[in-house]
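In my numbering, the protein residues as written are 1 to 300. Think of the CB as a built atom: it goes at the ideal place given N, C-alpha and C, for glycine as much as any other residue. Predicted model, so just to flag it, every value in this text is computed and none were measured.
This is the structure in structure tokens:
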């Protein structure tokens, strides 16, 4: 971790303090996946400690946070990056830090369920260090530069919402964010904050970065935390991961945002009373008509 990593937050008493970490890959992809994992885990630890010292209650990392975004390749080497959940080295380590700081930690990583069955996963650890469960990325892209179906099986997590020590949270991962149905399912299941760990580069989707998630936050009356990595990753260099992680409130307003280029711990205090206020004002859940939407689920 470089000494110039940014830490951004302001004090706001009586609110729920949350944080996200965005980070560039700091080691060579020529190394073995286990070596990369250990180096990236180690790079996150000082920022985890700083979050804990700042009183953060819920912390989330970026998509597959301790590996490169290896999906521009179709190289079987990267199957070795997959870990068991919750018994693998990364979740076990983060359970120690969650307990140390009494902090909920969301850990997005590459998971091996059994040889040949791999998921893009987010494990959720409660503030006492206990493992609450996981979400498997539901929507898996397969386009140039993003050959994710080579690496990940589509998830069928049934939209889990985790009842943590500090509130009810959901997870949606990267490409999932383009599909409004999942945001709604998580909100209907009780999520008041939804975290979207991502790995996305400048190009076609960048303008959507500050469009889709604020719209989804407003449509569902919830907070959304959007997390993206930074920098270029070799040897693929499919573009610049542009950071710009942020928190958006239930009105669709971005309240705090990280830089486009720097490793950063972004800390922000969420006014959770706004969730009830916005949902009561708009009453979207009351006025929705699932009986009229069967076209959405009846097939192709």
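Determine the burial state of residue i: buried for a count of at least 16 other Cβ atoms within 10 Å of its Cβ, exposed for fewer.
| i | result |
| --- | --- |
| residue 207 | exposed |
| residue 32 | exposed |
| residue 213 | buried |
| residue 359 | In the structure displayed, the chain extends from 1 to 300; residue 359 sits before or after that span and is not available. |
| residue 200 | buried |
| residue 135 | buried |
| residue 53 | exposed |
| residue 203 | exposed |
| residue 130 | exposed |
| residue 25 | buried |
Pick helix, strand or coil for residue i, following the three-state DSSP scheme.
| i | result |
| --- | --- |
| residue 253 | coil |
| residue 221 | coil |
| residue 71 | coil |
| residue 117 | strand |
| residue 241 | strand |
| residue 66 | coil |
| residue 229 | coil |
| residue 275 | helix |
| residue 131 | strand |
| residue 211 | coil |
| residue 151 | coil |
| residue 125 | strand |
| residue 173 | coil |
| residue 32 | coil |
| residue 53 | helix |
Going by DSSP, what residues sit across from residue i in a beta bridge?
| i | result |
| --- | --- |
| residue 268 | 18 |
| residue 48 | Answer by DSSP bridge pairing: none, since residue 48 is not bridged. |
| residue 197 | 227 |
| residue 60 | 20 and 106 |
Start and end of the alpha helix (DSSP H) containing residue i?
| i | result |
| --- | --- |
| residue 180 | 180 to 188 |
| residue 311 | Residue 311 lies beyond the range of the chain shown here (1 to 300); nothing can be said about it. |
| residue 297 | No alpha helix (DSSP H) contains residue 297, which DSSP labels as neither H nor E. |
| residue 91 | 89 to 101 |
Does chain D have any CB closer than 7 angstroms to the CB of residue i?
| i | result |
| --- | --- |
| residue 106 | Absence of chain D from the displayed structure is noted, only one protein chain being present. |
How would you write the range of the beta strand (DSSP E) that residue i sits in, first residue to last?
| i | result |
| --- | --- |
| residue 84 | Here residue 84 belongs to no beta strand (DSSP E), and DSSP marks it neither H nor E. |
| residue 177 | Careful: residue 177 lies outside any beta strand (DSSP E) and carries neither H nor E. |
| residue 248 | 246 to 248 |
| residue 163 | 162 to 164 |
Check: With a cut-off of 8 angstroms, do at least 3 Cβ pairs link the segment 105 to 112 to the segment 58 to 65?
Finding: yes
Notebook entry, point to check: Is the segment 66 to 75 touching the segment 37 to 46 in the sense that three or more CB pairs, one from each, lie closer than 8 angstroms?
Noted result: yes
Notebook entry, point to check: Is it true that the segment 220 to 237 meets the segment 92 to 102, where meeting means three or more beta-carbon pairs spaced less than 8 angstroms apart?
Noted result: Contact between the segment 220 to 237 and the segment 92 to 102 is absent, because fewer than three Cβ pairs lie under 8 angstroms.
Notebook entry, point to check: Within the chosen definition, does the segment 179 to 187 reach the segment 150 to 157 through at least 3 CB pairs nearer than 8 angstroms?
Noted result: no
Checklist line | Inter-stretch contact (C-beta, 8 angstroms, three-pair minimum) for the segment 189 to 206 and the segment 215 to 230 | finding: yes
Check: Touch check for the segment 169 to 183 and the segment 84 to 91: three-plus C-beta pairs under 8 angstroms?
Finding: no
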